[in-house]
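Enquirer: Be aware that the sequence shown starts at 4, since it is given in the numbering used here, and climbs by one per residue. Below you will find the structure I want to go over with you.
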Amino acid sequence: MTRVVARGWATVDLDRAEEELRALVVVGGPFEEATRSELLGARCRRARVADPGASDGEPSWLVVLEPDTEGRLAAFLARHDEGWAATWTVGEEDASQARPGPLGPETLSAGRPASGPFRLLVAAATIEP
Numbered sequence: 004m005t006r007v008v009a010r011g012w013a014t015v016d017l018d019r020a021e022e023e024l025r026a027l028v029v030v031g032g033p034f035e036e037a038t039r040s041e042l043l044g045a046r047c048r049r050a051r052v053a054d055p056g057a058s059d060g061e062p063s064w065l066v067v068l069e070p071d072t073e074g075r076l077a078a079f080l081a082r083h084d085e086g087w088a089a090t091w092t093v094g095e096e097d098a099s100q101a102r103p104g105p106l107g108p109e110t111l112s113a114g115r116p117a118s119g120p121f122r123l124l125v126a127a128a129t130i131e132p
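This is the structure in structure tokens:
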């Protein structure tokens, strides 16, 4: 079974989206700046959220994404508007293709639509607390 470690919300305004999504955040857990996603072309903020579907009971991450280039995320927003745009799962990544991201080095999962939503792979050992 694939372990989902984060979900990403695409927006054109990080501050507004952060306020709108604050109810999902684990109490006392603010949003924090995170490494930008090179693959999506986005600035990122992340926060811990309760994940009732997690078998280990651990919280997962909510990543708010705002395009900072005319890349994948900007194209997603043009086609689909704001909303859930990405999922990060633990998987075998091709280290030669990995790029910096909000949870550590990430790669795009093969076989997904180029216009999104996107599935990104991170190695379990690279997920930053």
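Each residue gets a CB set at the ideal place from its N, CA and C atoms; glycine is no exception. The structure presented is a predicted model; accordingly, all values stated were derived computationally and were not measured.
Taking buried to mean at least 16 other C-beta atoms within 10 Å of its own C-beta, is R39 buried or exposed?
Expert: Looking at its Cβ environment, which holds 16 or more other Cβ atoms inside 10 Å, R39 is buried.
Enquirer: Compare the beta carbon distance of W12 and V67 with 7 Å and say whether it is the shorter of the two.
Expert: Yes, these two residues count as a Cβ contact at 7 Å.
Enquirer: Report, in whole angstroms, the separation of the C-beta atoms of W91 and L123, which I expect to be a contact under 8 Å.
Expert: So it is a contact: roughly 5 Å between Cβ atoms.
Enquirer: Should G119 go down as buried or exposed, given a rule of 16 or more other Cβ atoms within 10 Å for buried?
Expert: Buried, since its Cβ has 16 or more Cβ neighbours within 10 Å.
Enquirer: By how many angstroms is the C-alpha of V125 removed from the C-alpha of L42?
Expert: Answer to the nearest angstrom: the Cα atoms are 13 Å apart.
Enquirer: Could you give the distance in angstroms between the alpha-carbon of R82 and the alpha-carbon of R46?
Expert: Cα to Cα, the separation comes out at about 19 Å.
Enquirer: Let's see if you can read the secondary structure: which residues bound the beta strand (DSSP E) around F79?
Expert: F79 -> not in any beta strand (DSSP E); alpha helix (DSSP H) instead, spanning R75 to H83.
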